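Engineer: Below is a structure I'd like to ask you about.
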Amino acid sequence: MKFLLDTHALVWWLEDAERLSAKATQIIGNPEHTILISAVVGWELAIKVKTGKMKPRSILDGLNRILERESFSELPITLDTAVRAGSLPLHHRDPFDRLLAAQAQSLNVPVLSADAILDRYDIRRLW
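Residue numbers for the sequence shown follow the numbering used here, beginning at 9 and rising by one.
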């Protein structure tokens, strides 16, 4: 089964695993699952590091190596998904999360996220 990780879920998996739910830990750690990391995660990490909101510089600098090491799959942003994200209701003011919701809708995959606002979109959120 495929799962899309929210940015905080990736950061917690790598640096603060006790913040993950038991369910999220089991899903991410199961080698039978395909864990998707959206290109929007890299964009969000870069902005948060640059603005001083996050300090995971090591994650940002080594993101491609981390994805390979963890056997996670990169998910590009398509034009169709970008348009879908821009058309979603503004339940969530965070454009990164709206893009994740649009990708989850397009692929019909659940999102692993602690962010309950995502429940307002037509997606399946697990935590």
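Virtual Cβ for every residue (Gly too), placed ideally from N, Cα, C. Just so we're clear, the structure is a prediction, and the values are computed from it rather than from any experiment.
Of the residues D130, E26 and G50, which one's Cα is nearest the Cα of R73?
Structural biologist: Closest option to R73, Cα to Cα, is G50.
Engineer: Check K58 in the structure and name its three-state DSSP category.
Structural biologist: In this structure, K58 counts as helix in the three-state DSSP scheme.
Engineer: Name the DSSP bridge partner or partners of K10?
Structural biologist: T42.
Engineer: Is it the case that the Cβ atoms of L28 and W20 are separated by a distance below 8 Å?
Structural biologist: For L28 and W20, yes; Cβs fall inside 8 Å.
Engineer: Among L108, E82, L22 and L83, which one has its Cα closest to the Cα of G94?
Structural biologist: Cα-wise, what sits closest to G94 is L108.
Engineer: Mind checking whether Q113 and D130 have CB atoms under 8 Å apart?
Structural biologist: Yes, the pair counts as a contact, with Cβ atoms nearer than the cut-off.
Engineer: Could you give the first and the last residue of the continuous alpha helix (DSSP H) run that contains L108?
Structural biologist: Residues P103 to L115.
Engineer: Relative to the alpha-carbon of T86, which residue among A110, S79, R77 and H99 has its alpha-carbon at the smallest distance?
Structural biologist: Comparing Cα-Cα distances from T86 to each of A110, S79, R77 and H99, the minimum goes to A110.
Engineer: What number of angstroms, rounded off, separates the C-alpha of F104 from the C-alpha of W135?
Structural biologist: The alpha-carbon atoms of F104 and W135 are separated by roughly 18 Å.
Engineer: Looking only at DSSP bridge pairs, what is V119 linked to?
Structural biologist: For V119, which the question treats as bridged, DSSP gives the partners L12 and R133.
Engineer: Quick check on the DSSP output: the alpha helix (DSSP H) that includes L87 runs from which residue to which?
Structural biologist: Segment L87 to S95, the alpha helix (DSSP H) holding L87.
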